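Heads up: the structure comes next, in structure tokens.
2 protein chains.
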Amino acid sequence: MAQGQRIVLASRPVGEPKPSDFRAETYDVPTPGQGEVLLRTIWLSLDPYMRGRMSDAASYAQPVPVGGVMEGGTVSEVIASNNPGFAKGDIVLSRAGWQTHALSDGKGLAKIDPKLAPISTAVGVLGMPGMTAYTGLLEIGKPKTGETVVVAAASGAVGSAVGQIARIKGARALGIAGGKDKCDYVKRELGFDECLDHRDPNLAARLKDACPKGIDVYFENVGGAVFEAVFPLLNAFARIPVCGLIAHYNDTEAHQPKWAASMMRTVLTKRLTIRGFIVSDFAAMHADFLRDMSGWVRDGRVKYKEFITEGVESAPQALIGLLKGANFGKQLVRVGPEKA
Amino acid sequence: MAQGQRIVLASRPVGEPKPSDFRAETYDVPTPGQGEVLLRTIWLSLDPYMRGRMSDAASYAQPVPVGGVMEGGTVSEVIASNNPGFAKGDIVLSRAGWQTHALSDGKGLAKIDPKLAPISTAVGVLGMPGMTAYTGLLEIGKPKTGETVVVAAASGAVGSAVGQIARIKGARALGIAGGKDKCDYVKRELGFDECLDHRDPNLAARLKDACPKGIDVYFENVGGAVFEAVFPLLNAFARIPVCGLIAHYNDTEAHQPKWAASMMRTVLTKRLTIRGFIVSDFAAMHADFLRDMSGWVRDGRVKYKEFITEGVESAPQALIGLLKGANFGKQLVRVGPEKA
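Chains as they are written, first to last, in numbering that gives the first Met the number 0: chain F, 0 to 339; chain B, 0 to 339.
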């Protein structure tokens with residue numbers, strides 16, 4: 000019987016995940032039963048939310064059980080089907096997780112048309128990260144022409160889309176990223192108006208200089224020093240969509256934001272809007288997102304970059320790196336070849 | 000020449016305002032020039048925001064200068080007019096401040112029809128406090144049938160309207176007020192589903208018991224211990240309109256909210272909306288507000304209570320009391336009789 004490979008959660012990490020918090024296993028590739036399909040994983044998407052799933056702190060989703068296969072979105076090929084909705088050779092978006100093969104009853108699978116775009120974009124710019132950027136920016140951030148939009152992790156899957164969409168909407172986009180290479184890419188390739196290095200000890204002063212008219216939208220996906228630099232620069236009526244706090248995911252104790260004591264007073268006097276969201280809250284916008292974003296990708300107004308590691312066994316180290324900003328672009332794991 | 004009386008800001012308070020931070024003055028009642036009217040103050044409204052105007056900390060409005068007349072909304076009578084838009088005897092809503100007489104060029108004055116409602120309601124349930132409740136609750140809080148709405152200062156001008164409007168919209172209204180008399184009034188007269196005493200040392204536990212299905216809307220007008228009790232009970236997708244933080248207006252140092260460290264994480268995982276506002280942000284809703292609220296007052300679905308002190312010289316002590324919850328209902332100063 001053919002053997003598959005998978006990565007399970009070995010232990011709940013304390014602070015930064017370690018390789019020993021994961022365990023590689025082999026398993027018998029299963030046979031699909033009545034109504035089921037067998038999937039072969041091509042692309043596994045790695046995303047910051049996965050750190051949350053490794054922890055048992057209360058959140059919007061259940062944690063992965065210890066010993067369970069790590070969760071994740073995948074682009075997979077149907078290699079055997081007992082389900083009339085899917086044929087051998089279909090490429091589908093799935094949540095097959097960190098493993099080479101998985102069964103599915105077909106629920107929650109979405110077919111991907113390989114002619115429309117590279118199939119990896121289904122977990123990137125045309126998938127969850129792109130839609131997170133699109134919905135949070137447009138439904139909560141609502142940038143207007145001439146306003147200033149700030150986003151961190153600006154070379155990443157979400158941040159890069161946020162800034163480019165902000166520009167399309169006529170706003171000024173200021174990115175924050177880690178290191179000169181990423182900042183150069185964000186400015187030169189993605190066309191942001193400016194990009195600052197979050198490792199700069201004078202980030203707060205540089206951000207102030209770079210935002211002479213203040214900040215109208217801060218798309219929050221990191222927290223930490225970036226939020227603290229942004230907070231005093233927020234304009235009246237500024238909007239803060241909150242989709243992530245990656246700077247804190249490895250925290251072992253609660254982080255006390257520098258501006259915490261005055262936060263509610265500032266919410267009042269500046270009439271701020273702070274709103275948390277996850278992409279599924281805006282599921283009704285999926286068709287609008289696909290139409291707009293695929294158009295923008297096609298005409299070159301939205302660019303994206305992929306950062307690929309090879310083999311499912313590379314996923315633990317790649318996630319550990321992602322949480323530290325080691326990736327440069329959308330983090331993907333090539334679990335298997337596009338054409339088997 | 001006739002003499003008027005006024006109250007000026009003598010010094011910026013540190014912490015709780017003291018009587019010596021105010022000064023009573025007499026002045027010559029002025030004569031209206033070309034295009035001007037002379038106003039006689041009948042009702043002066045006292046409101047928590049006035050504490051902010053006494054301070055020079057950055058806010059959404061300029062502070063009252065030391066030596067300047069204290070600001071405030073008034074119901075006034077036109078007693079002399081050189082302005083074709085106003086006649087002697089007209090009753091108008093004005094921002095004449097803490098004084099018996101004031102000139103106006105007519106800008107910003109709004110005529111009040113004494114036949115429609117008691118004229119004092121123009122600075123109460125049918126005025127700024129009522130509209131603060133209406134706009135913040137309906138535009139930000141958006142209570143749905145069966146949801147739980149919590150508001151503090153529930154016997155006051157804003158809180159009483161918030162809870163009653165929440166009930167009209169089919170939500171459950173839970174009030175918080177200071178002391179048994181106020182709580183009884185809020186439940187029995189205003190028809191809230193429940194009212195808790197914020198002086199109860201077990202407020203957090205009592206609030207939890209009283210909100211078995213959690214809190215969907217917290218109308219924030221106080222901050223402090225109430226916010227800390229509310230925060231862990233907020234449901235996913237809860238909305239927090241923020242119009243005031245009266246518990247902190249006399250703070251001499253920034254207050255560190257108990258939940259500050261986890262606030263942004265909770266915003267994310269519970270997808271909270273926290274939004275500050277002041278009533279003028281929703282000026283476009285004024286006609287809707289007047290139509291709905293005057294209808295509800297007329298048919299008895301919204302009740303209100305006034306707490307009246309006599310004479311402009313009573314205003315300093317009344318404001319000091321208001322900031323401590325000494326008032327029971329909308330705080331008004333009768334500066335002059337309705338019929339002179």
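Each residue gets a CB set at the ideal place from its N, CA and C atoms; glycine is no exception. What you are looking at is a predicted structure, and each value in this text was computed from that prediction instead of being measured.
Taking residue i as the reference, give the member of the options with the closest Cα.
| i | options | result |
| --- | --- | --- |
| Arg5/B | Gly275/B, Ala86/B, Ser313/B and Arg238/B | Ser313/B |
| Phe306/B | Val13/B, Val36/B, Trp42/B and Thr25/B | Trp42/B |
| Ala354/B | Ala282/B, Asn234/B and Gln255/B | In the structure as shown, chain B starts at 0 and stops at 339, and residue 354/B therefore has no counterpart that could be examined. |
| Val191/F | Ala260/F, Lys168/F, Gly294/F and Glu138/F | The sequence given here has Phe at residue 191/F, not Val. That would be Lys168/F, whose Cα lies nearest to the Cα of Phe191/F. |
| Thr308/F | Asn326/F, Val296/F, Ala86/F and Leu322/F | Asn326/F |
| Arg94/F | Ser44/F, Pro31/F and Pro231/F | Ser44/F |
| Asp27/F | Thr268/F, Ala259/F and Met0/F | Met0/F |
| Ser80/F | Ser54/F, Leu8/F and Gln33/F | Gln33/F |
| His247/B | Ile118/B, Pro16/B and Ser10/B | Pro16/B |
| Ser103/B | Pro117/B, Gly84/B and Lys179/B | Gly84/B |
| Gly177/F | Asp199/F, Val157/F, Phe21/F and Tyr217/F | Asp199/F |
| Thr30/B | Ala101/B, Met49/B and Gly71/B | Ala101/B |
| Asn234/F | Ser19/F, Leu8/F, Val149/F and Leu322/F | Val149/F |
| Gly140/B | Gly275/B, Leu318/B, Ser54/B and Asp183/B | Gly275/B |
| Ile78/F | Gly67/F, Leu331/F, Ile277/F and Thr99/F | Thr99/F |
| Gly294/B | Leu125/B, Ser159/B, Leu8/B and Ala23/B | Leu125/B |
| Ala121/F | Gly66/F, Ile319/F, Val301/F and Leu289/F | Leu289/F |
| Cys182/F | Leu173/F, Cys194/F and Leu189/F | Cys194/F |
| Leu202/B | Phe226/B, Val185/B, Asp180/B and Phe218/B | Phe226/B |
| Val65/B | Arg238/B, Asp20/B, Ala172/B and Gly107/B | Asp20/B |
Going by DSSP, name the residue or residues bridged to residue i.
| i | result |
| --- | --- |
| Gly275/F | Val241/F |
| Trp97/F | Answer is none; Trp97/F lacks a bridge partner. |
| Asp196/F | Ala176/F |
| Thr25/B | Gln4/B |
| Ile214/B | Leu233/B |
| Val221/F | Per DSSP, none; premise fails for Val221/F. |
| Ile90/B | Glu76/B |
| Trp42/F | Val74/F and Arg333/F |
| Thr251/F | BP columns for Thr251/F are empty, so no partner. |
| Ala109/F | Leu92/F |
| Ala151/B | Ile175/B |
| Val36/F | Ser80/F and Ser103/F |
| Val68/B | Val7/B |
According to DSSP, is residue i part of a helix, a strand, or is it coil?
| i | result |
| --- | --- |
| Lys132/F | Looking at the sequence shown, residue 132/F is not Lys but Ala. Residue state, collapsed to three classes: helix. |
| Lys329/B | strand |
| Asp280/B | helix |
| Gly174/F | strand |
| Gly190/B | coil |
| Thr30/B | coil |
| Gly14/F | coil |
| Glu309/B | strand |
| Arg50/F | helix |
| Val296/F | helix |
| Val266/B | helix |
| Asp55/F | coil |
| Ala246/B | helix |
| Pro142/F | coil |
| Gly162/F | helix |
| Val122/B | helix |
| Val301/F | coil |
| Val63/B | coil |
Using the beta-carbon count (16 or more within 10 Å), is residue i buried or exposed?
| i | result |
| --- | --- |
| Val161/F | buried |
| Asn220/F | buried |
| Val13/B | exposed |
| Asp46/F | buried |
| Thr272/F | buried |
| Lys87/F | exposed |
| Lys143/F | exposed |
| Gln2/F | exposed |
| Ser279/F | exposed |
| Ser119/B | buried |
| Gln163/B | buried |
| Arg187/F | exposed |
| Glu24/F | exposed |
| Asp298/B | exposed |
| Gly310/B | exposed |
| Lys269/B | buried |
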